[in-house]
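Each remark here refers to the structure printed beneath this line.
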Amino acid sequence: MLKATAGLVPQPDAGVEAPPPARKTPADFTVIDPAQPAPATPFSDESGRSLTLAAFRGRVVLLNLWATWCGPCVDEMPALDRLQAAVGGPDFTVVALSEDRQGISVIKPFYEKEAIGHLAIAVDDGGALARDLDVQGLPTSFLIDREGRLIGRLTGPADWDSAEWTALVKRAVAGQPVAGGS
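The sequence shown begins at 461 in the working numbering and counts up one residue at a time.
Next comes the structure, spelled out in structure tokens:
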């Protein structure tokens with residue numbers, strides 16, 4: 461059996477329960493400088509329609525790659541949902557991109573069980589976007605500017621609706637530089 465570790469490649473389960481991973485802060489956020497174009501790799505929405513990150517151009521996007529089998533991912537989903545409820549709109553959106561191989565059949569029941577009501581369902585078909593983004597572990601998040609460029613990266617879970625993370629997102633929405641740890 462594999463289990464997710466905060467920001468690391470899943471490791472074999474040795475039967476010992478690991479302590480919960482430390483929550484990441486904006487100091488752990490890596491600014492991508494210069495900003496890089498987001499990949500044009502397609503993924504699917506809840507209806508199975510294919511789309512790319514270009515569909516969100518004009519809005520700042522927090523792209524979060526996660527899975528229902530990833531404990532740290534599951535733990536941070538309510539905070540992402542609250543962030544979308546508080547800040548989401550014409551200028552900002554959270555794209556929670558599932559890496560679950562079973563797709564909608566496991567994501568939809570998870571959203572219902574966890575009362576995730578503000579995040580749209582999106583599936584990374586075959587993990588193609590994760591590969592193109594060189595994701596090494598889950599959860600991994602990217603901040604994408606209005607022009608569709610990757611401006612920052614975080615590997616590991618975060619309290620996305622905290623004052624610090626909300627301020628970082630609002631700076632990105634305002635077109636201001638986002639501070640990070642590196």
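Just so you know, even glycine gets a beta-carbon here, dropped at the ideal spot from N, CA and C.
Below 8 Å between beta carbons: does that hold for V583 and I564? yes
From R509 to R606, what distance separates their C-alpha atoms? 22 Å
Hey, how far is the Cα of G597 from the Cα of W529? 12 Å
Considering only DSSP beta bridges, list what R613 is partnered with. According to DSSP, which records beta bridges pairwise, R613 is partnered with T490, F602.
How many angstroms separate the CA atom of L628 from the CA atom of V638? 6 Å
Please report the straight-line C-alpha distance between T512 and A482, rounded to a whole angstrom. 31 Å
Taking 8 Å as the cut-off, decide whether the C-beta atoms of V595 and V520 are in contact. no
Boundaries of the alpha helix (DSSP H) in which V547 is found, first to last residue: 531 to 547
How about the segment 566 to 586 and the segment 610 to 620: do they share at least three Cβ pairs that are nearer than 8 Å? no
Assign P502 to one of three DSSP states: helix, strand, or coil. coil
Helix, strand or coil for P569? Go by DSSP, reduced to three states. If DSSP states are grouped into helix, strand and coil, P569 belongs with the helices.
Are the CB atoms of E559 and A527 nearer to each other than 8 Å? Closer than 8 Å, so yes.
Suppose contacts are defined by Cβ-Cβ distances below 8 Å. Is V554 in contact with Q562 by that definition? no
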